[in-house]
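Everything on this sheet refers to the single structure shown next.
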DNA sequence: CATACCTGCTAACTTCTCTTGGCATGTGCG
DNA sequence: CGCACATGCCAAGAGAAGTTAGCAGGTATG
């Protein structure tokens, strides 16, 4: 039927939310150019490491980037991030389809999703 | 080069932000099926008018939906909303391109952008 | 004229999200 | 050993977003 990933409604929201931010857009852009480690990327983007970490965490949670801890030649631990190739096509129809699988904000369940 | 709209970085953020919400996803889905007026749509979605209005406003601000005030046969003013056909393709590359045109969070200017 | 629809706006509260700054840890070099 | 650079986490404040409830106005129908 469809060749697209066709994510869950909740997934879609998560991905969209993770992308709806200037910093994170820049992060994706930078990583699309080439993978980078946290501190270096922070300098490159001109933001604090703490801030970068939060944003990277969010992107990673959405599955858009992945991290891999490596050791540099001088023995320092470097955490390299890289973008995960993805193609998301948004149209009223694809959204309508995803909306069908949205978790109901009904009562309190969702053991893992918390909140 | 590209047939896509290729929106401004800021536009992209706005659009993504407007879509990153369960309610708004459902709204798009509902309107994709057929246009509807506020009160009716609110009932259909099971949310309050006030809430719907806010979300519709946001979607409209992003240019995803448009409103048109019409008069029903019995003279009542109905505000009909409908989705604006759109196709947004998100990939690390398209994002990288959009990121280039992002407004710098530099100092305080942007007279119209407020915030 | 009361009822039932439709529209819109605002004040106020609650709940996220963003961002900063500090702290702790580890390794290599002069 | 102190400095430089890497990693990470947590607390706390500022600000934005989401929601609710109430008010006000308009037109038609019984």
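Chains as they are written, first to last, in this note's numbering: chain A, 11 to 125; chain B, 11 to 125.
All C-beta atoms in this analysis are idealised placements derived from N, C-alpha and C, irrespective of residue type, glycine included.
In this structure, the alpha-carbon of residue 65/A lies about 10 Å from that of residue 32/A.
The residue among 69/B, 91/B and 72/B with its C-alpha nearest the C-alpha of residue 79/B is 91/B.
The bridge partners DSSP lists for residue 92/B are 76/B. Listed along the chain, the chain A residues whose CB falls inside 7 Å of the CB of residue 36/B are 109 and 112. For residue 93/A and residue 69/B, the gap between their C-alpha atoms comes out near 28 Å. Residue environment for residue 59/B: exposed (fewer than 16 other C-beta atoms within 10 angstroms of its C-beta). Under DSSP, residue 99/A shares a beta bridge with 99/B.
Where residue 37/A is concerned, the enclosing alpha helix (DSSP H) starts and stops at 32-43. Considering only 26/A, 61/A, 47/A and 28/A, the residue with the shortest C-alpha distance to residue 87/A is 47/A. For residue 62/A, no Cβ of chain B is located within less than 7 Å of the residue's own Cβ. Just so you know, the alpha carbons of residue 55/A and residue 37/A end up roughly 8 Å apart. When secondary structure is reduced to three states using DSSP, residue 81/A falls in the strand class. Nearest C-alpha to residue 111/B among 45/A, 35/A, 67/A and 49/A: 35/A.
What residue 17/B touches in chain A, judged by beta-carbon distance under 8 Å, is nothing: the nearest beta carbon there is about 12 Å away. With a threshold of 7 Å between beta carbons, residue 51/A makes no contact with chain B. Contact with chain B is found for residue 100/A, since one of that chain's Cβ atoms lies less than 7 Å from the residue's Cβ.
Annotation: residue 56/B is outside any alpha helix (DSSP H) and is labelled neither H nor E by DSSP.
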